[in-house]
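Accompanying notes for the structure given below.
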Amino acid sequence: CGDCGVQSNCMSVEPVQTEFGRKTRIHQSSCNKDYSCVKGFCPSFLTITPNPEPAEADGGKKKKKKGRIPKLDRELLDPVFKVDASFGFGIHIMGIGGTGGVTVAATLSNAARIEGKHVIGLNQTGLAQKGGPVISDIKITHQPFAGANKIADGRTDLYLGFDLLNASSQKNLDKCLPERTIAVVSTTQTPTGHMIADRHVRFPDIKALTAGIDAVTRKDDNVYINGERLALGLFNDSMATNLFMVGVAYQAGTIPLKAESIEQAIQQAGVGVEQGIAAFRWGRMALVDRDFVEAEIAKYAVETSPVPDLGAAARAIIDSVGATGETRRLLEVRVPDLIDYQNEAYAKRYAEAIKQVLGVEQRVMPGQSALTEAAARYLYKLMAYKDEYEVARLHTDPAFLAALDSMFKHGYTVKYNLAPPMISKRDSVTGHLIKRQYGAWMQKAFQFLARYKHLRGGTWDIFGKTAERRQERQLIDDYRKLLDEIVAHLTAKNHTQAVALASVPDEIRGYGHVKEKSIAESRGLYEQRLKAFRNPAAASASLTPLETA
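In terms of this note's numbering, the sequence shown opens at residue 2 and continues consecutively.
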C-alpha cells in the first residue's frame with residue numbers, strides 16, 4: 002500500500018511490480034537502519050536478528066563478510082580504447098547520494114595519479130546526503146593545466162550513469178557531444194521520492210530515456226545494462242553496483258587507464274577491497290560474455306515458481322472456465338491460492354464469476370480478453386482479503402519460512418511488528434492502532450490460528466464481526482454485482498470503459514485506517530467510471546484502464 006514509504010520518507014522503501022500488482026519492499030543494501038518504515042500499518046514487517054557466524058579456526062575471529070565474492074577464473078583481455086586521450090579525457094559521473102558515486106570518482110582519480118597523470122575534479126553533491134542526485138566530474142591530462150574543475154558542455158568523453166533518471170536530465174545531457182561522448186548507463190529503475198510517496202507515479206519509459214541519451218552521444222558505442230540486477234545477483238549486495246559499472250565502462254574502451262591501476266586504487270581505498278576488485282572484474286566480464294555472468298548468477302538464485310503445481314481440484318475448476326492464454330495463466334495462479342486461502346467451494350465461486358465475464362466478452366468482443374483479465378485480477382484481490390487467518394497462513398507458509406532459512410544460514414531470531422485490531426491500543430492523537438513487537442512465540446500462535454481458517458465468515462468467526470471485516474466482505478458482494486451489471490450491458494462501444502470500471506479495486510489496498518482511506522478515495526473514481534460505462538459517448542478520453550503488473 003506504500004504506507005511504510007509515507008511513514009519513513011525513505012529512499013530504501015522501493016516499489017516493485019509483482020504478479021499481484023505494485024507492492025513495496027525494503028532495499029536492504031541501501032537501508033540506513035532508521036527503521037521508521039516499520040511504522041507502516043502492515044503486518045508483513047519482520048525484525049530479524051541473525052545468529053553470530055561460527056568463529057574462525059585461526060584465532061577465533063568472527064567473519065564479518067557482507068554478501069559474497071564469486072570467483073572469476075577466466076582471463077580478461079584488455080579492451081580497444083574508443084576515446085581520444087591524446088590530450089586527456091573527461092568523465093562525467095551521475096549517481097545517487099549514499100551509494101558510493103563520489104568514492105568511485107576518487108578511485109578513478111587515484112588510478113590516474115598512479116599512472117603519473119594529472120587530475121582535477123569536482124563533486125557536486127548539493128543537499129543529496131542520501132537518495133538525491135550526485136554529480137562528479139573528473140578531468141585527466143598528461144600535463145599540468147589550469148582551468149575549471151567542472152567539465153564544460155560538450156567536453157565529456159565518458160558519460161558514466163549509475164542512475165538512469167539522473168543521466169537523462171537535460172543539465173547532464175548538455176555535457177555530451179554526439180561525435181565525442183560514449184555513454185555507459187545502468188538501466189536499473191531506482192524510484193524517486195515521488196514514486197515512493199505516490200503509487201500512481203510510474204517510472205518513465207526506459208526506451209524513451211535511452212533514446213534521449215543516444216541523441217547526444219555516440220549511439221553505436223553506448224552501453225546500457227541493468228547494473229544493480231547483475232551486481233546483486235553476483236554479490237548479494239547492491240553496493241557492488243558502481244564498481245561493476247566501472248568494469249563495464251572499462252571493457253567498453255571508455256577509460257584509457259590500466260586495469261591494474263584501477264585495481265590498485267581500489268586496494269588503496271582500503272574499504273571493501275576484495276568485493277570492489279571482484280565487482281570491477283565481473284563488470285568487465287559482463288561485456289565480454291554476458292551468458293557466462295548470467296550462468297554464475299543462476300547458481301545463487303532461489304528456486305521459486307510463480308505458478309504453483311496444480312492439484313486435481315484446482316485443475317478441474319480452471320478447466321471449467323474454458324479460458325486460454327493470459328486469462329488461464331491468471332487463473333492458474335489464483336485458483337490454487339483461493340483453495341489454500343479458504344477451500345474449493347470458495348475458489349469455484351471465483352471461477353464461476355470469471356466464466357460468466359469470459360462468455361459475454363467473447364460474444365461481444367471476439368478475441369478480446371482485457372475485461373476478463375481485469376475481473377480475474379480484482380475479484381481475486383477482493384476475495385483474498387488479508388484477515389487474521391490469512392496473515393497467519395502467510396507467516397507460516399513453508400515456502401516463506403524456507404526462504405528465510407536460506408537467507409540466514411546460521412539461524413536467526415524473529416520479532417513480528419503487529420497491531421491486532423482486537424487487542425491493540427490506539428494513538429491518542431490519530432486514533433490509529435499502535436503497532437508493537439511480538440516475539441518468536443507468535444509463530445506458534447500463527448500456526449494455531451491458520452488451522453481455523455474454516456471459521457472465516459461463519460458464526461464462530463470472532464474476527465469477522467469487526468467493521469473492517471464486514472466491509473471487506475461487502476466489497477466482494479458489491480464487486481460481484483458490478484460484474485453482473487457489466488456483463489448485462491456490455492457493448493463494443495463501452496468495452497474500454499468496462500475494463501476501467503472493473504479495475505477500480507486496484508485503488509483499494511492496505512490495512513486498517515489505510516485501507517479505509519483508500520476505499521473512500523476509490524468511491525469517487527468508481528462513480529466516475531460507472532457513469533462513463535453507462536454513457537460511453539460522453540466519457541472522457543482520459544478514462545483508460547489502470548496499468549497492471
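We put the CB at the ideal spot given by N, CA and C, even for glycine.
As the structure is a prediction and not an experimental result, all values here were calculated from the model.
Buried or exposed for residue 112, going by 16 or more other Cβ atoms inside 10 Å? It counts as buried.
Quick one: which unbroken alpha helix (DSSP H) runs of 4-plus residues sit fully inside the region 470-546? Chain order, please. If we require 4 residues or more, the alpha helix (DSSP H) runs fully inside the region 470-546 come out as 496-503 and 513-535.
Is it true that the CB of residue 124 sits closer than 8 Å to the CB of residue 103? Yes, Cβ-Cβ distance for residue 103 and residue 124 is below 8 Å.
When burial is assigned at 16 or more other CB atoms within 10 Å of the CB, is residue 490 buried or exposed? exposed
With distances taken from CA atoms, which of 81, 206, 15 and 154 is nearest residue 176? 154
Residue 351 - containing alpha helix (DSSP H), residue span: 345-365
Output needed for residue 545: all residues of its chain with C-beta closer than 6 Å, excluding positions within five of it in sequence on either side, in chain order. A caution first: residue 545 carries a pLDDT of 48, below 50, which makes its placement in the model unreliable, though a value can still be read off. So no residue of the chain qualifies.
Does residue 58 pass the burial test, meaning 16 or more other C-beta atoms within 10 Å, or should it be called exposed? Caution applies to residue 58, whose pLDDT of 45 falls short of 50 and renders its modelled position unreliable; the value that the coordinates give is listed next. Flag for residue 58 reads exposed.
Simplified DSSP assignment, three categories, for residue 248: helix
Could you give the first and the last residue of the continuous alpha helix (DSSP H) run that contains residue 208? 207-215
Can you tell me where the beta strand (DSSP E) with residue 118 in it begins and where it stops? First-last for residue 118: undefined, no H or E at that position.
Unbroken alpha helix (DSSP H) runs of length 4 or more, entirely within the region 219-245: which are they? The region 219-245 contains these whole alpha helix (DSSP H) runs: 228-236.
What distance in whole Å lies between the Cβ atoms of residue 488 and residue 361, which are believed to be in contact at a cut-off of 8 Å? 4 Å
Measuring CB to CB, does residue 339 end up less than 8 Å from residue 384? Yes; because the gap between Cβ atoms is below 8 Å, this pair is in contact.
Would you call the CB atoms of residue 530 and residue 498 closer than 8 Å? yes
Counting C-beta neighbours from all protein chains within 10 Å, is the total for residue 260 16 or more, i.e. buried, or is it exposed? buried
On the criterion of 16 or more Cβ atoms from any shown chain inside 10 Å, does residue 516 qualify as buried, or is it exposed? buried
Please report how far the alpha carbon of residue 472 lies from the alpha carbon of residue 446, in whole angstroms. Each residue's CA atom was taken as its position, placing residue 472 and residue 446 some 26 Å apart.
Going residue by residue through the region 394-441, where are the continuous beta strand (DSSP E) segments of at least 3 residues, counting only ones entirely within it? 413-419 and 437-439
According to DSSP, is residue 83 helix, strand or coil? coil
Between the Cα of residue 223 and the Cα atoms of 211, 372, 404 and 230, which residue gives the shortest distance? 211
What are the boundary residues of the alpha helix (DSSP H) that residue 292 is part of? 291-299
With a threshold of 8 Å, are at least 3 pairs of Cβ atoms found where one atom belongs to the region 167-185 and the other to the region 141-148? No, the region 167-185 does not touch the region 141-148.
For the pair the region 415-433 and the region 77-93, tell me if three or more CB-CB distances fall below 8 Å. no
Considering only the alpha carbon of each residue, which of 98, 91 and 20 lies closest to residue 32? 98
Residue 301: CB within 7 Å of a non-hydrogen atom of the ligand SAM: Inclusion of the ligand SAM in the displayed structure is not the case, the ligand content being empty and no account of it being possible.
Are at least three pairs of beta-carbons, each pair with one atom in the region 398-407 and one in the region 369-381, less than 8 Å apart? no
Roughly how many whole angstroms lie between the Cα atoms of residue 510 and residue 441? 27 Å
With DSSP as the reference, please indicate the residues paired to residue 48 in a beta bridge. 416
Residue 417: buried (16+ other C-beta within 10 angstroms of its C-beta) or exposed? Buried, because 16 or more other Cβ atoms sit within 10 Å of the Cβ of residue 417.
For residue 23, the first and last residue of its enclosing beta strand (DSSP E): Annotation for residue 23: the continuous beta strand (DSSP E) segment containing it runs 22-27.
Report the rounded CA-to-CA distance for residue 286 versus residue 36, giving the unit in angstroms. 37 Å
Excluding the 5 residues preceding and the 5 following residue 269 in the sequence, name in chain order all residues of the same chain whose CB lies nearer than 8 Å to its CB. 111
In its own chain, which residues sit with a C-beta less than 7 Å from the C-beta of residue 280, not counting the 5 before and 5 after it? 232, 236, 241, 244, 245 and 248.
Best match in 3, 364, 24 and 40 for proximity to residue 428 [C-alpha to C-alpha]: 40
Helix, strand or coil for residue 173 per DSSP? helix
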